[in-house]
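Below you'll find the structure, written out as structure tokens, and then a few comments.
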Amino acid sequence: MAKQKAVSYAYIAGFNVELTFKRMKSIRLKLNPPHGDIKISAPFGTNYSLIHAFVLSHGPWIQQQRERLQSAPQLARNPFCDGAIHYVFGAPFKINVSQSTEKKGVVLDKKNGLLHLHLTNPVQQNIEGEIDRYYRNELREKIPALLEKWQPVVGKSVNEWRIRKMKTRWGSCNISCRRIWLNLELAKKPLQCLEYVLVHELTHLHERYHNKRFYHLMDQFLPNWREIESNLN
Numbered sequence: 002m003a004k005q006k007a008v009s010y011a012y013i014a015g016f017n018v019e020l021t022f023k024r025m026k027s028i029r030l031k032l033n034p035p036h037g038d039i040k041i042s043a044p045f046g047t048n049y050s051l052i053h054a055f056v057l058s059h060g061p062w063i064q065q066q067r068e069r070l071q072s073a074p075q076l077a078r079n080p081f082c083d084g085a086i087h088y089v090f091g092a093p094f095k096i097n098v099s100q101s102t103e104k105k106g107v108v109l110d111k112k113n114g115l116l117h118l119h120l121t122n123p124v125q126q127n128i129e130g131e132i133d134r135y136y137r138n139e140l141r142e143k144i145p146a147l148l149e150k151w152q153p154v155v156g157k158s159v160n161e162w163r164i165r166k167m168k169t170r171w172g173s174c175n176i177s178c179r180r181i182w183l184n185l186e187l188a189k190k191p192l193q194c195l196e197y198v199l200v201h202e203l204t205h206l207h208e209r210y211h212n213k214r215f216y217h218l219m220d221q222f223l224p225n226w227r228e229i230e231s232n233l234n
């Protein structure tokens, strides 16, 4: 399943902006650390003057937030340092890294909003690998029950599903083998996003292409899929 969108770059209201048009209902603004790079998402067909007015109205806030991000300590910008924020099915958790020779792994502490990592050698490469393994295990726990829920609704079933890192897709479907691939990053998104991708890929077993029939089936199986999809990016 490709992330369907159109990306361009523009100078708007005094700012360099990455502008993305995709299926969504309203204009959204995001600043990416560490430099506060500006990303605007807008519905397909949005008039440029509306986007310009939107950016202009948020100008003071953008400037304030960019200054805050750019003045942050370098350590805080490392996504795998102690105290960095990581998301588990849409909920933010601070990672708490400790060195341990007795136990190794990740423990989710929902009460205190912490993701404890116990490692024998807590260097960045090991921290990143351990978090990836945790995400993979979380998806493996969730997917079987979701397939059991949605396969009867869609009226199709898969022979196999797998997880991997993907840069341009949230999922893909090998129709002849009835195999689904799912993006590891889905473990960071709200659970409904994982459900949406599963339904999307199952629907490809009815219709290979993203055509009118495909979207009609999606409307039938998951009426609010467009709203969920807009939150994926």
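In my numbering, the protein residues as written are 2 to 234.
The beta carbon of each residue, even a glycine, is placed where N, CA and C say it ideally should be.
All values derive from a computational prediction rather than experimental measurement.
### C-alpha gap between Ser158 and Arg179, whole angstroms
Counting from 1 along the sequence shown, the entry for residue 158 is found at position 157. Counting from 1 along the sequence shown, the entry for residue 179 is found at position 178. Rounded to whole angstroms, Ser158 to Arg179 spans 8 Å at the Cα level.
#### Entry: Strand pairing of Lys6, partner residues [DSSP]
Reading the sequence shown from its first residue, position 5 is the one you call residue 6. Lys23.
### Message
On the CB-based measure, 16 or more other CB atoms within 10 Å of its CB, does Ile63 come out buried or exposed?
### Response
As a first step, residue 63 is located in the sequence shown; it is residue number 62 there, counting from the start. Taking all protein chains in view, the Cβ of Ile63 is crowded by 16 or more other Cβ atoms within 10 Å, so the residue is classified as buried.
### Task
State the start and end residues of the unbroken beta strand (DSSP E) segment that holds Tyr197.
The count along the sequence shown starts at 1 and reaches residue 197 at position 196. Unbroken run through Tyr197 is the alpha helix (DSSP H), 192–204; no beta strand (DSSP E).
### Message
Using only the alpha-carbon positions, how far apart do Leu223 and Ile39 sit?
### Response
For the purposes of this step, residue 223 is identified with residue 222 of the sequence shown, where counting begins at 1. For the purposes of this step, residue 39 is identified with residue 38 of the sequence shown, where counting begins at 1. Leu223 and Ile39: Cα-Cα distance of roughly 32 Å.
### Task
Please say whether His53 and Ala14 have beta carbons closer to each other than 8 Å?
Working through the sequence shown from its first residue, we reach residue 14 at position 13. Working through the sequence shown from its first residue, we reach residue 53 at position 52. Going by beta carbons, Ala14 and His53 fall inside the 8 Å limit.
### Query
Which same chain residues, not among the five before or five after Asn212, have their C-beta less than 8 Å away from its C-beta?
As a first step, residue 212 is located in the sequence shown; it is residue number 211 there, counting from the start. For Asn212, where only same-chain residues beyond five positions count, there are no Cβ hits under 8 Å.
### Query
In whole angstroms, what is the alpha-carbon distance linking Asn127 and Lys105?
Sequence index remark: in the sequence shown, residue 127 carries index 126 (1-based). Sequence index remark: in the sequence shown, residue 105 carries index 104 (1-based). Rounded to the nearest whole angstrom, the C-alpha separation of Asn127 and Lys105 is 11 Å.
### Task
Can you tell me which of the three DSSP states Lys31 falls into?
As a working note, residue 31 is residue 30 in the sequence shown. Here Lys31 sits in strand by DSSP.
### Task
Report the residue from Leu20, Leu195, Glu131, Ser177 whose alpha carbon sits nearest the alpha carbon of Trp171.
Numbered from its first residue, the sequence shown carries residue 171 at position 170. Ranked by how close their Cα comes to the Cα of Trp171, the residues Leu20, Leu195, Glu131, Ser177 have Leu195 in first place.
### Query
Smallest Cα separation from Gly91: which of Leu206, Phe55, Ala11, Glu139?
Within the sequence shown, numbered from 1, the residue matching residue 91 stands at position 90. It is Glu139 whose Cα lies nearest to the Cα of Gly91.
### Pairwise C-alpha distance: Phe22 and Thr169
As a position in the sequence shown, residue 169 is number 168, starting the count at 1. As a position in the sequence shown, residue 22 is number 21, starting the count at 1. Our two residues, Thr169 and Phe22, have alpha carbons roughly 16 Å apart in a direct line.
### Task
Kindly list the residues whose CB is nearer than 6 Å to the CB of Lys31, restricted to its own chain and excluding five residues on each side of it in sequence; keep chain order.
Start at 1 with the first residue of the sequence shown, and residue 31 comes out as number 30. These residues qualify, in order along the chain: Lys40.
#### Entry: Unbroken beta strand (DSSP E) run spanning Phe94, endpoints
Here residue 94 is taken as the residue at index 93 of the sequence shown, counted from 1. Secondary structure note for Phe94: its beta strand (DSSP E) is the uninterrupted segment 92–100.
### Task
Would you mind working out which of Trp151, Thr204, Glu161, Ile132 sits nearest Lys189, comparing C-alpha positions?
For this step, residue 189 is matched to residue 188 along the sequence shown. Closest option to Lys189, judged by alpha-carbon separation, among Trp151, Thr204, Glu161, Ile132: Ile132.
### Buried/exposed call for Ala146, threshold 16 Cβ in 10 Å
Position 145 of the sequence shown, counting from 1, holds the residue named residue 146. The residue is exposed, with fewer than 16 neighbouring Cβ atoms inside 10 Å.
### Task
Pick out whichever of Leu233, Phe94, Ser99 has its Cα sitting closest to the Cα of Lys112.
Walking along the sequence shown from the start, residue 112 turns up at place 111. Of the candidates Leu233, Phe94, Ser99, the one whose C-alpha sits nearest the C-alpha of Lys112 is Phe94.
### Task
For my contact list, Leu120 and Ser101 are in at a C-beta cut-off of 8 Å; report their separation, rounded to the angstrom.
As a working note, residue 120 is residue 119 in the sequence shown. As a working note, residue 101 is residue 100 in the sequence shown. Between Ser101 and Leu120 the Cβ distance is about 7 Å, and since that is below 8 Å, they are a contact.
### Leu76, buried or exposed, once every other Cβ within 10 Å from all chains shown has been counted against 16
Taking the first residue of the sequence shown as position 1, residue 76 is located at position 75. Bear in mind that a pLDDT of 43 at Leu76, under 50, signals an unreliable position, so the model cannot answer this.
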